[in-house]
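In the working numbering, the protein residues as written are 4 to 190. Cβ atoms here follow ideal geometry from the backbone N, Cα and C, with glycine treated the same way. Remember, it's a predicted structure, so these values are computed and weren't measured experimentally. All remarks here apply to the structure that follows.
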């Protein structure tokens with residue numbers, strides 16, 4: 004069937020013999036133009052949102068803030084610092100994937116049993132050294148920041164909690180430090 008220009012209905016006047024179309028006759032409820040346009044709009048919105056989200060698909064934030072004991076708030080970053088995780092300097096996770104950043108020393112040795120930076124005295128097994136450890140909340144220059152969590156590429160999550168450690172040599176009571184120490188605890 005050929006379409007002729009005369010067969011096309013003029014928008015300004017009604018046709019002489021209007022005949023209903025049979026295109027939608029098999030559908031129980033008639034569809035309306037507005038419903039169709041809404042569906043097209045939602046489809047476009049979905050495609051746009053998906054396109055914006057694609058660069059982040061499957062990626063989780065590497066570090067995020069956490070609130071510690073006593074209400075110390077965590078931090079997601081200190082302005083301008085490259086937060087590339089660093090290997091532990093001590094403890095059982097030295098050979099694990101790097102998780103925490105900063106500090107003179109990093110490891111689980113500075114952690115309490117709850118997984119936060121210790122606030123205590125400790126003595127070495129041979130009684131030659133003493134440590135005084137305290138949580139710290141001013142590493143980023145803000146007096147209310149202490150801990151954050153890292154997720155390593157192997158999917159493990161770690162808490163990194165800031166603190167200070169003073170080291171005393173028992174033989175002559177000589178003090179070293181304070182050192183910024185980072186408690187690394189598995190969460």
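query: In whole angstroms, what is the alpha-carbon distance linking residue 173 and residue 136?
result: Here residue 173 is taken as the residue at index 170 of the chain shown, counted from 1. Here residue 136 is taken as the residue at index 133 of the chain shown, counted from 1. Approximately 16 Å, taken between the alpha carbons.
- prompt: Does DSSP put residue 164 in a helix, in a strand, or in coil?
  reply: What you label residue 164 is simply residue 161 of the chain shown in a count that begins at 1. Reduced to three states, the DSSP call for residue 164 is strand.
query: How many angstroms separate the CA atom of residue 150 from the CA atom of residue 170?
result: Here the question's residue 150 lines up with position 147 in the chain shown. Here the question's residue 170 lines up with position 167 in the chain shown. So the alpha carbons of these two residues sit roughly 22 Å apart.
message: Using the Cβ count rule (16 or more neighbours within 10 Å means buried), how would you classify residue 187?
response: Position 184 of the chain shown, counted from the start, is the residue given in the question as residue 187. It is buried - the Cβ of residue 187 has at least 16 other Cβ atoms within 10 Å.
- prompt: Among 132, 163, 157 and 183, which one has its Cα closest to the Cα of residue 176?
  reply: The count along the chain shown starts at 1 and reaches residue 176 at position 173. Closest by alpha carbon: 132.
field: Environment of residue 138 [buried if 16+ CB atoms lie within 10 Å]
entry: Your numbering for residue 138 matches position 135 in the chain shown. With 16 or more other Cβ atoms within 10 Å, it is buried.
task: Please determine if the stretch 177-186 and the stretch 105-123 are in contact, where contact requires at least 3 C-beta pairs separated by less than 8 Å.
output: yes
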